[in-house]
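For the sequence shown, numbering that gives the first Met the number 0 begins at 0 and goes up steadily by one. Ideal placement from N, C-alpha and C gives every residue a C-beta, glycine not left out. Only a predicted model underlies this, so the values are computations on that prediction, with no experimental measurement involved. What follows is a set of notes on a single structure, which appears directly below.
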Amino acid sequence: MLSWNRYGKARVRLVRVDKSQPDHQLIDLTIDVQLEGAFEKVYTDGDNSACVPTDTMKNTVYALAKKHAVARVEPFLVQLCDHFAAKPGVSRVRISAIEQPWARLNAHAFAHAGAEQWTCVATRDARGTEIVSGLTGLVLLKTTDSAFAGYPRDEYTTLPETHDRIMATSMTAVWTYRNTSVDFGAREQIVNALVHTFAEHRSESVQHTLYAMGEAALGAAPEITEITLTLPNRHHLLVDLKPFGLENQNEIFVATDQPFGLIEATLRRQA
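What follows is the structure in structure tokens.
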């Protein structure tokens with residue numbers, strides 16, 4: 000028997016330019032549309048009468064982007080959810096988007112802002128619509144105020160304790176909005192809180208700083224109910240300069256890609 004199914008259109012590229020003001024507005028999205036529902040006969044019987052073509056899904060993204068302003072990704076994904084949820088047989092709609100940020104150079108010119116990307120997932124079913132937004136690939140580094148000591152040691156432990164090290168990560172954060180009527184502009188406050196706390200926090204571990212960052216984000220944005228942070232530890236290891244008759248006083252490091260520590264946690268408001 001067919002126990003579960005979902006289908007949709009992946010990687011729909013959408014760039015929308017708003018020229019209604021002297022400073023043009025640019026939004027650059029990659030969107031996935033996914034539907035669940037009463038589509039069993041499409042699979043079992045070859046009956047396509049309930050099957051919305053994935054090409055139609057792609058066209059719908061472009062048409063609704065023309066009909067509606069896309070100043071922020073979250074309201075646009077809600078509009079897409081509402082559209083597809085009204086189709087016969089659809090019980091659950093999941094629309095996800097990756098937003099590529101661009102930095103303004105002048106009224107109509109932009110530069111690629113960096114490796115980070117904004118993310119958003121809108122899910123619509125019988126219980127309502129949920130919006131989970133975030134970002135990924137934001138690279139952060141500080142050269143001091145980071146330590147790691149006092150951990151348990153055994154016969155396989157070789158890591159030396161340190162009270163002054165480089166701390167670096169490529170952060171992923173996702174947060175859940177309280178409802179769909181909030182001001183989605185909170186993402187700037189959330190990211191500012193995360194970045195400022197990373198820079199200023201006196202860290203005893205990546206876990207210690209992660210908690211402080213999540214706490215600051217929840218404090219900065221009452222619109223969100225929880226936040227999940229993923230902080231891979233981009234290790235910077237001291238280079239042994241003793242063979243050259245030199246003392247390395249936390250100045251010369253080698254950056255390593257693999258393996259790496261991976262620290263994750265969710266902070267949720269107390270009920």
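Spatial neighbours of residue 82 in its own chain (CB-CB distance under 7 Å, excluding positions within 5 residues in sequence) are listed in chain order as 59 and 63.
A straight-line Cα-Cα distance of about 39 Å links residue 31 and residue 145.
In this structure the region 107 to 126 lies against the region 91 to 98, because at least three pairs of beta carbons, one per stretch, are closer than 8 Å. By the criterion of a C-beta distance shorter than 6 Å, residue 263 is surrounded in its chain by 229, once the five residues flanking it on both sides are discounted.
For residue 206, the enclosing alpha helix (DSSP H) covers residues 205 to 219.
Counting only runs that start and end inside the region 67 to 119, the beta strand (DSSP E) elements of at least 3 residues fall at 89 to 98, 101 to 103 and 109 to 111. Just measuring C-alpha positions, the residue of 177, 237 and 239 sitting nearest residue 217 is 177.
Bounds of the alpha helix (DSSP H) holding residue 40 are 39 to 43. Between the C-alpha atoms of residue 41 and residue 50 there is a straight-line separation of about 7 Å. In the DSSP annotation of this structure, the continuous segment of the alpha helix (DSSP H) that includes residue 187 starts and ends at 185 to 199.
With distances taken between CA atoms, residue 167 lies nearest to 256 out of 242, 19, 160 and 256. Separation of residue 150 and residue 158 (C-alpha to C-alpha, rounded to the nearest whole angstrom) is 10 Å. Beta-carbon to beta-carbon, residue 194 and residue 222 are separated by about 19 Å, too far to satisfy the 8 Å threshold. In the three-state scheme derived from DSSP, where H, G and I count as helix and E and B as strand, residue 58 is classed as helix. Assignment of residue 142 by DSSP, reduced to helix, strand and coil, places it in the coil class.
Judged by DSSP in its simplified three-state form, residue 259 adopts coil rather than helix or strand. Taking residue 196 as reference, the option from 139, 147 and 243 with the minimal CA-CA separation is 139. The beta-carbon separation of residue 1 and residue 13, rounded to 32 Å, does not stay under the 8 Å limit for a contact. With fewer than 16 neighbouring CB atoms inside 10 Å of its own CB, residue 251 falls in the exposed class. Counting the other CB atoms within 10 Å of its CB gives residue 243 a total below 16, which places it among the exposed residues.
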